[in-house]
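Student: Input: one structure, supplied below.
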Amino acid sequence: MNNFLLSHSPGIRLFNYTATFRRESDYPLTLQWLPGAGYLRGPALPLAEKDAWRRRGYGPVLYVQSHCDVPSDRDRYVRELMKYIQVDSYGKCLHNRELPSERLRDTSTATTEDPEFMAFIARYKFHLALENAICNDYMTEKLWRPMHLGAVPVYRGSPAVRDWMPNNLSIILIDDFESPQELAKYLDFLDKNGEEYMKYLEYKNLDGIKNQFLLESLERREWGVNDMTLPNYLNGFECFICDRENARVRAEQEHKKSGGKTPAPAPHIAHFQHMGCPMPTPGFGSVEDLPGEDSWKEMWLQDYWQSLDQGEALTAMIHHNESHQGRFWDYMHEIFLKRTRQH
1 MNNFLLSHSP GIRLFNYTAT FRRESDYPLT LQWLPGAGYL RGPALPLAEK DAWRRRGYGP
61 VLYVQSHCDV PSDRDRYVRE LMKYIQVDSY GKCLHNRELP SERLRDTSTA TTEDPEFMAF
121 IARYKFHLAL ENAICNDYMT EKLWRPMHLG AVPVYRGSPA VRDWMPNNLS IILIDDFESP
181 QELAKYLDFL DKNGEEYMKY LEYKNLDGIK NQFLLESLER REWGVNDMTL PNYLNGFECF
241 ICDRENARVR AEQEHKKSGG KTPAPAPHIA HFQHMGCPMP TPGFGSVEDL PGEDSWKEMW
301 LQDYWQSLDQ GEALTAMIHH NESHQGRFWD YMHEIFLKRT RQH
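Using full-length UniProt numbering, the first residue of the sequence shown is number 1, and each one after it goes up by one.
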């Protein structure tokens with residue numbers, strides 16, 4: 001989620017129907033990265049093997065990211081966490097350790113469900129799972145993959161993530177801790193106390209998934225993930241749109257046929273809650289603490305508010321029946337001048 005145009009009302013209201021990660025969307029794709037409950041129940045590596053991995057000098061915490069400059073500013077937080085606990089980082093971001101083979105070092109391998117790569121990272125007790133952006137219900141493979149493998153996600157992303165978890169103790173939320181140092185202390189405690197650590201994997205036991213909302217959401221969705229017996233979500237959304245538009249045409253015909261006695265169908269317009277990601281904040285510390293030339297600050301804060309201007313400019317072009325796309329930046333300039341006068 002690196003484009004904020006649709007997180008502002010002027011941008012999202014240009015559309016009638018949505019299929020986004022938000023549960024409020026017309027066609028929610030919140031669980032698009034979760035194939036099913038069985039994916040969560042996959043067996044974890046025995047704790048004895050993870051402890052043996054630790055004795056070979058590997059850290060308790062894994063970080064694999066090669067997309068570094070993102071709105072959530074995750075590297076700033078991870079860099080601070082590294083001061084207090086060993087974090088093995090294999091991606092391009094904060095890289096401090098090499099994968100054991102050239103094949104595994106191939107970026108394309110690390111972004112797939114490659115069996116060799118999965119077996120390697122499953123040895124770690126904790127996976128740092130920080131999403132690209134902080135948005136309600138925005139949960140990707142960064143969260144679900146560690147759970148599938150039997151590692152504990154140390155998570156920052158959707159503020160509503162607990163609504164979707166298999167039970168009450170399956171992930172560690174970064175924002176539950178006052179500082180990276182406090183988080184490191186807790187991870188160290190779990191690393192040294194196997195019984196407490198294993199409580200985070202109890203959802204893998206028979207009947208361990210207690211969250212009925214999660215189970216019902218998986219059961220209710222009409223599309224599948226890597227399931228040839230069900231349509232994928234793109235085809236599903238196309239059918240959804242056709243059904244809705246056919247129903248609308250029938251309602252309009254009924255309205256005309258009744259001479260106005262039957263109400264005309266109301267316009268269906270997307271709204272802010274269909275995406276609605278908030279303004280990005282630093283991964284660690286506050287905006288006021290950042291130097292003026294900070295690259296994240298210059299990129300993402302400016303991008304967030306410029307996206308609002310873009311949405312207003314596109315809306316103005318439509319209202320003016322503008323057909324020349326080259327005039328987009330003229331409209332942007334007018335929006336900028338208007339905003340400047342208001343301040």
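The C-beta atom is built at its ideal place from N, Cα and C for all residues, glycine as well. In this text, all values refer to a predicted model and were calculated from it rather than measured experimentally.
Based on the DSSP output, what are the partners of Phe127 in its beta bridges?
Tutor: Rather than Phe, the amino acid found at residue 127 in this sequence is His. In DSSP, His127 forms a bridge with Leu62 and Pro153.
Student: Do Leu201 and Ala37 count as a contact pair if the criterion is CB distance below 9 Å?
Tutor: no
Student: When you compare the CB positions of Ile318 and Leu14, do they come within less than 9 Å of one another, or not?
Tutor: yes
Student: Helix, strand or coil for Val225 per DSSP?
Tutor: In the structure shown, Val225 falls within a coil segment according to DSSP collapsed to helix, strand and coil.
Student: Could you tell me which of His127, Arg55, Leu290 and Pro231 sits nearest to Ile171, measuring between CA atoms?
Tutor: His127
Student: Determine which residues share a DSSP beta bridge with Asp88 and list them.
Tutor: In the DSSP output, where bridge partners are listed per residue, Asp88 has Leu62.
Student: Suppose only complete runs of 3+ residues qualify. What are the beta strand (DSSP E) ranges in the segment 244 to 326, listed by chain order?
Tutor: none
Student: To the nearest angstrom, how far is it from the Cα of residue 386 to the Cα of Leu31?
Tutor: Nothing can be reported for residue 386, as the shown portion of the chain is limited to 1 through 343.
Student: Below 9 Å between beta carbons: does that hold for Pro278 and Arg76?
Tutor: no
Student: Tell me which residues share the same chain as Gly42 and place their Cβ nearer than 8 Å to its Cβ, disregarding the 5 neighbours each side in the sequence.
Tutor: These residues qualify, in order along the chain: His148, Leu149, Gly150 and Lys204.
Student: Look at the Cβ atom of Glu293, then the Cβ atom of Ala316, and state whether they are nearer than 9 Å.
Tutor: no
Student: Quick one: what's got a C-beta closer than 7 Å to Lys125's C-beta in the same chain, skipping five residues either side?
Tutor: Hits under 7 Å: Lys50, Pro60, Ala151, Val152, Asp191 and Tyr197.
Student: Just to confirm, is the Cβ distance from His255 to Ala247 under 9 Å?
Tutor: It is not a contact, given that the beta carbons lie outside the stated cut-off.
Student: Is the separation between the beta-carbon of Ile174 and that of Arg156 shorter than 9 Å?
Tutor: Yes, Cβ-Cβ distance for Ile174 and Arg156 is below 9 Å.
Student: What residue ranges within the segment 19 to 67 form continuous beta strand (DSSP E) runs of no fewer than 3 residues, ordered along the chain?
Tutor: 61 to 63
Student: May I ask you to list the residues that DSSP assigns as paired with Leu187?
Tutor: Partner(s): none; Leu187 has no beta bridge.
Student: Return the CA-CA distance between Pro100 and Val87, expressed in angstroms with no decimal places.
Tutor: Approximately 16 Å, taken between the alpha carbons.
Student: Put Leu169 into one of helix, strand or coil per three-state DSSP.
Tutor: coil
Student: DSSP state of Glu219, grouped into three classes?
Tutor: helix
Student: Let me know if Asp73 comes out buried or exposed under the rule of 16 or more other beta-carbons within 10 Å of its beta-carbon.
Tutor: buried
Student: Using only the alpha-carbon positions, how far apart do Lys92 and Asn321 sit?
Tutor: 46 Å
Student: When the distance is taken between beta carbons, is Leu183 closer than 9 Å to Leu301?
Tutor: no
Student: Note down, in chain order, each residue of its chain lying with its Cβ closer than 7 Å to the Cβ of Thr140, except the 5 sequence neighbours on either side.
Tutor: These residues qualify, in order along the chain: Trp33 and Glu131.
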